[in-house]
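Below is one structure; the comments refer to it alone.
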Amino acid sequence: MRIIEDPLRHPAVLALIAEHLADMHATSPPESIHALEVDALRADNITLWTAWDNEGKDALLLGCAALKTLSPAELEIKTMRVTAAARGRGVGRRLLEHLLEQARARGARRLSLETGVEDYFAAARRLYQRAGFVECPPFGTYREDPNSVFMRREI
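Quick look at the structure:
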């Protein structure tokens with residue numbers, strides 16, 4: 001598996017982001033959807049990485065994950081998504097490890113995230129808990145939301 005910083009141009013990446021957004025709209029109330037559209041993911045304070053199996057024309061997209069800079073000390077995980085075909089293969093864990101490595105390299109002291117409370121998000125919450133994330137109050141511009149779980153990990 002190789003993980004690369006991604007410019008958000010490849011059709012498979014754009015399709016995965018669209019699938020992610022569609023699933024968020026299918027599983028969460030509109031006021032509780034914090035997933036970002038492609039244009040928002042291209043902001044200067046966000047970096048997106050994609051995970052690939054193989055290289056060249058035979059490359060198969062496995063997943064993506066992004067970091068949003070909230071401050072020099074705090075980064076937020078955004079758009080963590082693994083393709084349906086790659087689930088159960090450790091792709092999410094490897095992407096999360098990559099985000100932690102990137103956060104450390106940037107000198108951040110905290111990595112935070114928001115995810116859903118619905119059963120759909122249970123696997124993601126377990127992944128984050130196993131990686132040392134704990135529930136916390138809302139951060140950044142988030143507000144209390146009965147449909148959101150806020151988590152953070154000190155680095």
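Quick note: the sequence shown, position 103, residue 103 per UniProt numbering, numbers continuous. Ideal placement from N, C-alpha and C gives every residue a C-beta, glycine not left out.
- [ ] Could you tell me the boundaries of the alpha helix (DSSP H) in which E101 lies?
- [x] What you label residue 101 is simply residue 101 of the sequence shown in a count that begins at 1. In this chain, the alpha helix (DSSP H) harbouring E101 covers V91 to A105.
Open item on the list: With a threshold of 8 angstroms on Cβ separation, who are the neighbours of Y142 within its own chain once the five nearest residues in sequence on each side are excluded?
Closed with: Within the sequence shown, numbered from 1, the residue matching residue 142 stands at position 142. For Y142, same chain residues with a beta-carbon under 8 angstroms away, outside a window of 5 residues either side, are H34, E114, S148 and F150 in chain order.
Task: Check whether I77 and R109 have beta carbons under 8 angstroms apart - done: On the sequence shown, residue 77 is found 77 positions in, with the first residue counted as 1. On the sequence shown, residue 109 is found 109 positions in, with the first residue counted as 1. No, Cβ-Cβ distance for I77 and R109 is not below 8 angstroms.
- [ ] Indicate whether W49 and A59 have their beta-carbon atoms separated by less than 8 angstroms.
- [x] For the purposes of this step, residue 49 is taken as the residue at position 49 of the sequence shown. For the purposes of this step, residue 59 is taken as the residue at position 59 of the sequence shown. The Cβ atoms of W49 and A59 lie no closer than 8 angstroms to each other.
Task: Residue burial classification, D6 (beta-carbon count within 10 angstroms, cutoff 16) - done: Walking along the sequence shown from the start, residue 6 turns up at place 6. Flag for D6 reads buried.
TODO: Return helix, strand or coil for D53, following the three-state DSSP convention.
DONE: Within the sequence shown, residue 53 is the residue found at index 53, counting from 1. In the three-state DSSP reduction, D53 falls in the strand class (E or B).
- [ ] Pull up the DSSP beta-bridge partners for C64, would you.
- [x] Along the sequence shown, read from residue 1 onward, the residue named residue 64 stands at position 64. Answer by DSSP bridge pairing, in chain order: T50 and R81.
Open item on the list: By the DSSP assignment, the alpha helix (DSSP H) with I33 in it spans what residues?
Closed with: By one-based count along the sequence shown, residue 33 stands at place 33. Premise fails: I33 is in no alpha helix (DSSP H) and is neither H nor E.
Open item on the list: Checking the sheet assignment: what are the DSSP bridge partners for L75?
Closed with: In the sequence shown, residue 75 corresponds to position 75, counting from 1. Answer by DSSP bridge pairing, in chain order: T69 and L111.
- [ ] Please report the Cβ distance between L41 and L70, rounded to the nearest whole angstrom; I am assuming they are in contact, meaning their Cβ atoms lie under 8 angstroms.
- [x] For this step, residue 41 is matched to residue 41 along the sequence shown. For this step, residue 70 is matched to residue 70 along the sequence shown. About 15 angstroms separates the Cβ atoms of L41 and L70, ruling out a contact at the 8 angstroms cut-off.
Task: Cα-Cα separation between N45 and R93, rounded to whole angstroms - done: Within the sequence shown, numbered from 1, the residue matching residue 45 stands at position 45. Within the sequence shown, numbered from 1, the residue matching residue 93 stands at position 93. CA-to-CA, the gap between N45 and R93 works out to about 23 angstroms.
Task: Local conformation of V117 per DSSP, three classes - done: As a working note, residue 117 is residue 117 in the sequence shown. Here V117 carries a coil assignment [DSSP, helix/strand/coil].
Task: Continuous beta strand (DSSP E) stretch holding E5: start and end - done: Here residue 5 corresponds to residue number 5 of the sequence shown, with the count starting at 1. R2 to E5 is the extent of the beta strand (DSSP E) around E5.
- [ ] Please list, in chain order, all residues of the same chain as P137 whose beta carbon is under 7 angstroms from its beta carbon, the five residues on each side excluded.
- [x] Your numbering for residue 137 matches position 137 in the sequence shown. Taken in chain order, the residues that qualify are F150.
Open item on the list: Tell me which residue opens and which closes the alpha helix (DSSP H) that E19 is part of.
Closed with: The sequence position of residue 19 within the sequence shown is 19, counting from 1. For E19, the enclosing alpha helix (DSSP H) begins and ends at P11 to T27.
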